[in-house]
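K.L.:
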Amino acid sequence: MKKLTLFFVFAIACLSIHAQQALWGAGEIVSPQINSDNTVTFRLNAPQAVKVEVTGDFLSPQKQQTSFGLVDAPGTAELKKNDKGIWEFTTPQSLAPELYSYSFLIDGCKVTDPSNVYMIRDVASVTSVFIIGGGRADLCKVNAVPHGSVTRRWYQSPSLGLTRRITIYTPPGYEESKANYPVLYLLHGMGGDEEAWIALGRTAQILDNLIATGKVKPMIVVMPNGNAVQEAAPGESSLGFYKPTFQLPKTMEGSYEKAFPEIVSFIDLNYRTVKAKSGRAIAGLSMGGFHSLHISKEYPDMFDYVGLFSAAILPDKENSSPVYMDMDKKLQVQFDKHPKLYWIAIGKADFLYKANADYRKRLDEHKFPYKYFETEEGHIWKNWRIYLSEFAPQLFDK
134 MKKLTLFFVF AIACLSIHAQ QALWGAGEIV SPQINSDNTV TFRLNAPQAV
184 KVEVTGDFLS PQKQQTSFGL VDAPGTAELK KNDKGIWEFT TPQSLAPELY
234 SYSFLIDGCK VTDPSNVYMI RDVASVTSVF IIGGGRADLC KVNAVPHGSV
284 TRRWYQSPSL GLTRRITIYT PPGYEESKAN YPVLYLLHGM GGDEEAWIAL
334 GRTAQILDNL IATGKVKPMI VVMPNGNAVQ EAAPGESSLG FYKPTFQLPK
384 TMEGSYEKAF PEIVSFIDLN YRTVKAKSGR AIAGLSMGGF HSLHISKEYP
434 DMFDYVGLFS AAILPDKENS SPVYMDMDKK LQVQFDKHPK LYWIAIGKAD
484 FLYKANADYR KRLDEHKFPY KYFETEEGHI WKNWRIYLSE FAPQLFDK
């Protein structure tokens, strides 16, 4: 018995030493290090590596050919090995305030930064992230303001034959209040899911901070899964862990648009909402902008506020869904009902810029009123976070 007791004491001591070593190892390298002048230093301990690079959206973009045409891809920069055998790179210039993502390339193999625990998934890519504070970027930070709540709920979709998951933000004070709140339905792009806007878009932080300043009316934000064949985000459904893919069956072919009233009904039934057109907004990025365009014209009495962020506009020419038929006629009905805001935003370098310019020309020809907001750069989350922060203050007669 004495020998057994000694064995357990020895085992516990070994585990404790091992755990402490893990703690010490984690603190040896600081990366990324945000310097006082807002330059950033990246470090990596990879003694056997021949070449180490960093790639991220803080570097000048490179053009990359995709099925959508030429798009901006993150640039790269080489790290140099210092006298301690640690690879280092410091940005030559200060970085502007923003939420940035990056990865390391070790002899061509892409990895996250092992010294940085802060990561975000976008489709099938996981990247490390950091924030340079100041200006608009402070909206993306958790600040000392009242905070809303974020929940994941499941709802029944008879139209799609699935039980589906949805992410819902309720504003500060919702639980204690008895008031009814307006609702923004915020839709993700192709390859995204109900986690995209809350993680990559920093929706909760942006809304918390804007509500605290009084610039935005307290609202519920509903972030559904826009993939008609999915129950939920990868790893969050009965399908278990599988590799996320970019383009899924039933993508932008009408099924999701037809089923969307089920989401609105679920929210109106389970939350204290303003159950009227005047209390509802819909907006989305890329594919989500496409969905917002076609859902809002399909149900012209449902939404008084519409936001198209870098939106795809027209369906595939081979698509014969009734949702996309008689587009001009449906738009005429929608605008005859005088939506309070129809807002279009896109970056100058976006590969969908021409499609949006053509759509604005179409609206102009029919004398349909809208507001237009243009930024630099392209089809990136930086722009979509900006668009959310510009769109939300215009909602619900604030």
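In short: position in the sequence shown from 1, add 133, done, that's the working numbering. Quick reminder that beta carbons are idealized off the backbone N, C-alpha and C, glycines included.
Helix, strand or coil: how does DSSP classify Ser357 here?
P.N.:
Reading the sequence shown from its first residue, position 224 is the one you call residue 357. Correcting the residue type first, residue 357 is Pro in the shown sequence and not Ser. Note: Pro357 maps to strand in three-state DSSP.
K.L.:
Just mark Lys376 as buried or exposed, buried being the case when its beta carbon has 16 or more other beta carbons within 10 Å.
P.N.:
Taking the first residue of the sequence shown as position 1, residue 376 is located at position 243. By the 10 Å Cβ count, Lys376 comes out exposed.
K.L.:
Just to confirm, is the Cβ distance from Asn516 to Gly480 under 9 angstroms?
P.N.:
As a working note, residue 516 is residue 383 in the sequence shown. As a working note, residue 480 is residue 347 in the sequence shown. Gly480 is positioned such that its CB atom lies closer than 9 angstroms to that of Asn516.
K.L.:
What number of angstroms, rounded off, separates the C-alpha of Ile364 from the C-alpha of Leu212?
P.N.:
Here residue 364 corresponds to residue number 231 of the sequence shown, with the count starting at 1. Here residue 212 corresponds to residue number 79 of the sequence shown, with the count starting at 1. Here the sequence assigns Glu to residue 364, which means Ile is not the residue at that position. Roughly 42 angstroms between the two C-alpha positions.
K.L.:
I need the boundaries of the beta strand (DSSP E) containing Met252, first residue and last residue.
P.N.:
Mapped onto the sequence shown, residue 252 falls at position 119. Segment Met252 to Asp255, the beta strand (DSSP E) holding Met252.
K.L.:
Since Gly189 sits in a beta bridge, which residues does DSSP pair it with?
P.N.:
In the sequence shown, the residue the question calls residue 189 occupies position 56. Bridge partners of Gly189: Gly208 and Tyr235.
K.L.:
Can you tell me the Cα-Cα spacing of Ile265 and Phe222, whole angstroms?
P.N.:
Position 132 of the sequence shown, counted from the start, is the residue given in the question as residue 265. Position 89 of the sequence shown, counted from the start, is the residue given in the question as residue 222. Whole-angstrom Cα-Cα distance: 17 angstroms.
K.L.:
To which residues of the same chain is Val397 closer than 7 angstroms at the C-beta, ignoring the five residues directly before and after it?
P.N.:
Here the question's residue 397 lines up with position 264 in the sequence shown. Closer than 7 angstroms at Cβ, skipping near neighbours: Met435.
K.L.:
Which residues bound the beta strand (DSSP E) around Tyr492?
P.N.:
For the purposes of this step, residue 492 is taken as residue 359 along the sequence shown, with counting starting at 1. Where Tyr492 is concerned, there is no enclosing beta strand (DSSP E), although the alpha helix (DSSP H) it sits in stretches over Tyr486 to Glu498.
K.L.:
Taking all protein chains shown into account, decide if Val187 is buried (16 or more other Cβ within 10 angstroms of its Cβ) or exposed.
P.N.:
For the purposes of this step, residue 187 is identified with residue 54 of the sequence shown, where counting begins at 1. With 16 or more Cβ atoms within 10 Å of its Cβ, Val187 is classed as buried.
K.L.:
Return the CA-CA distance between Thr508 and Ala478, expressed in angstroms with no decimal places.
P.N.:
Stepping through the sequence shown from its first residue, residue 508 is reached at position 375. Stepping through the sequence shown from its first residue, residue 478 is reached at position 345. Each residue's alpha carbon lies about 8 angstroms from the other.
K.L.:
Could you check the C-alpha separation between Val259 and Lys462 for me, to the nearest Å?
P.N.:
On the sequence shown, position 126 is the one that residue 259 refers to. On the sequence shown, position 329 is the one that residue 462 refers to. Straight-line Cα distance between these residues: approximately 43 angstroms.
K.L.:
Considering only DSSP beta bridges, list what Leu295 is partnered with.
P.N.:
The residue you call residue 295 lines up with position 162 of the sequence shown. Looking at the DSSP output, Leu295 bridges to Ser290.
K.L.:
In terms of residue numbering, what span does the alpha helix (DSSP H) encompassing Glu523 cover?
P.N.:
Mapped onto the sequence shown, residue 523 falls at position 390. Where Glu523 is concerned, the enclosing alpha helix (DSSP H) stretches over Trp514 to Phe524.
K.L.:
Where does the unbroken beta strand (DSSP E) through Glu431 begin, and where does it stop?
P.N.:
Counting from one through the sequence shown, the residue named residue 431 turns up at place 298. Note, Glu431: premise wrong, no beta strand (DSSP E); alpha helix (DSSP H) at Met420 to Glu431.
K.L.:
So, using beta-carbon positions, are Leu232 and Arg297 closer together than 9 angstroms?
P.N.:
Position 99 of the sequence shown, counted from the first residue, corresponds to residue 232. Position 164 of the sequence shown, counted from the first residue, corresponds to residue 297. No; because the gap between Cβ atoms is not below 9 angstroms, this pair is not in contact.
K.L.:
Does DSSP put Leu366 in a helix, in a strand, or in coil?
P.N.:
On the sequence shown, position 233 is the one that residue 366 refers to. Correcting the residue identity first, residue 366 is Ala in this sequence and not Leu. Three-state result, Ala366: coil.
K.L.:
In or out: Asn360 buried (at least 16 other Cβ within 10 Å) or exposed?
P.N.:
Translated into the one-based positions of the sequence shown, residue 360 becomes position 227. When all chains shown are included, Asn360 counts as buried.
K.L.:
Specify whether the region 437-446 and the region 325-342 touch according to this definition: at least 3 beta carbon pairs, one from each stretch, less than 8 angstroms apart.
P.N.:
no
K.L.:
Please identify the residue among Ala257, Arg495 and Ser419 whose C-alpha is closest to the C-alpha of Gly368.
P.N.:
By one-based count along the sequence shown, residue 368 stands at place 235. Nearest C-alpha to Gly368: Ala257.
K.L.:
Taking the CB atoms as reference points, tell me whether Glu328 and Arg254 lie closer together than 9 angstroms.
P.N.:
As a position in the sequence shown, residue 328 is number 195, starting the count at 1. As a position in the sequence shown, residue 254 is number 121, starting the count at 1. Yes; because the gap between Cβ atoms is below 9 angstroms, this pair is in contact.
K.L.:
Which stretch, first to last residue, makes up the alpha helix (DSSP H) that contains Pro528?
P.N.:
The residue given as residue 528 occupies position 395 in the sequence shown. Position check: residue 528 holds Leu in this sequence, whereas Pro was assumed. That residue, Leu528, is in no alpha helix (DSSP H); it is neither H nor E in DSSP.
K.L.:
DSSP three-state call for Tyr404: helix, strand or coil?
P.N.:
Here residue 404 is taken as the residue at index 271 of the sequence shown, counted from 1. Tyr404: coil per DSSP, three-state reduction.
K.L.:
Using a threshold of 9 angstroms, state whether the C-beta atoms of Pro448 and Glu498 are closer than that.
P.N.:
Walking along the sequence shown from the start, residue 448 turns up at place 315. Walking along the sequence shown from the start, residue 498 turns up at place 365. In this structure, Pro448 keeps its C-beta atom at 9 angstroms or more from the C-beta atom of Glu498.
K.L.:
Give me the Cα-Cα distance between Ser236 and Cys273, rounded to the nearest whole angstrom.
P.N.:
Start at 1 with the first residue of the sequence shown, and residue 236 comes out as number 103. Start at 1 with the first residue of the sequence shown, and residue 273 comes out as number 140. Approximately 20 angstroms, taken between the alpha carbons.
K.L.:
Count the other CB atoms, across all protein chains shown, that sit within 10 Å of the CB of Gly158; report buried if there are 16 or more and exposed otherwise.
P.N.:
Counting from 1 along the sequence shown, the entry for residue 158 is found at position 25. Reliability fails at Gly158, whose pLDDT of 46 lies under 50, so the model's placement of it is uncertain and the value that follows must be treated cautiously. Per the 10 Å Cβ criterion, exposed.
K.L.:
Secondary structure at Gly480, three-state DSSP: helix, strand or coil?
P.N.:
Here residue 480 refers to the residue found at position 347 of the sequence shown. Three-state result, Gly480: strand.
K.L.:
Drop a sphere of 10 angstroms on the beta-carbon of Ala155, count the other beta-carbons inside from all chains shown, and report buried for 16 or more, exposed for fewer.
P.N.:
The count along the sequence shown starts at 1 and reaches residue 155 at position 22. Residue placement at Ala155 is flagged as unreliable, the pLDDT there being 42, under the threshold of 50; the coordinate-derived value follows with that caveat. Exposed, because fewer than 16 other Cβ atoms sit within 10 Å of the Cβ of Ala155.
K.L.:
Just the Cα atoms here: how many angstroms apart are Pro180 and Asn276?
P.N.:
As a position in the sequence shown, residue 180 is number 47, starting the count at 1. As a position in the sequence shown, residue 276 is number 143, starting the count at 1. Distance between the alpha carbons of Pro180 and Asn276: 39 angstroms.
K.L.:
According to DSSP, is Tyr438 helix, strand or coil?
P.N.:
Here residue 438 refers to the residue found at position 305 of the sequence shown. Tyr438: strand per DSSP, three-state reduction.
K.L.:
Given that a residue counts as buried once 16 or more other Cβ atoms are within 10 Å of its Cβ, and exposed if not, what is Glu431?
P.N.:
By one-based count along the sequence shown, residue 431 stands at place 298. Burial call: buried.
K.L.:
Of all the options Tyr288, Lys473 and Gln465, which has the alpha carbon lying nearest to the alpha carbon of Leu402?
P.N.:
As a working mapping, residue 402 is identified with position 269 in the sequence shown. For Leu402, the nearest C-alpha among the options comes from Tyr288.
K.L.:
If I measure Cβ to Cβ from Asp483 and keep anything under 7 angstroms in the same chain, skipping five residues before and after, which residues do I get?
P.N.:
Translated into positions along the sequence shown, residue 483 becomes position 350. The residues are Ser443, Gly511 and His512.
K.L.:
Contact check, Leu192 vs Thr209 under 8 angstroms by CB: the rounded distance?
P.N.:
Translated into positions along the sequence shown, residue 192 becomes position 59. Translated into positions along the sequence shown, residue 209 becomes position 76. So it is a contact: roughly 7 angstroms between Cβ atoms.
K.L.:
What does the Cβ neighbour count give for Asn489, buried or exposed, with the cut at 16 atoms within 10 Å?
P.N.:
The residue given as residue 489 occupies position 356 in the sequence shown. It counts as buried.
K.L.:
Looking at Pro194 and Ser261, is the spacing between their C-beta atoms short of 9 angstroms?
P.N.:
Residue 261 sits at position 128 when you count from the first residue of the sequence shown. Residue 194 sits at position 61 when you count from the first residue of the sequence shown. Pro194 is positioned such that its CB atom lies no closer than 9 angstroms to that of Ser261.
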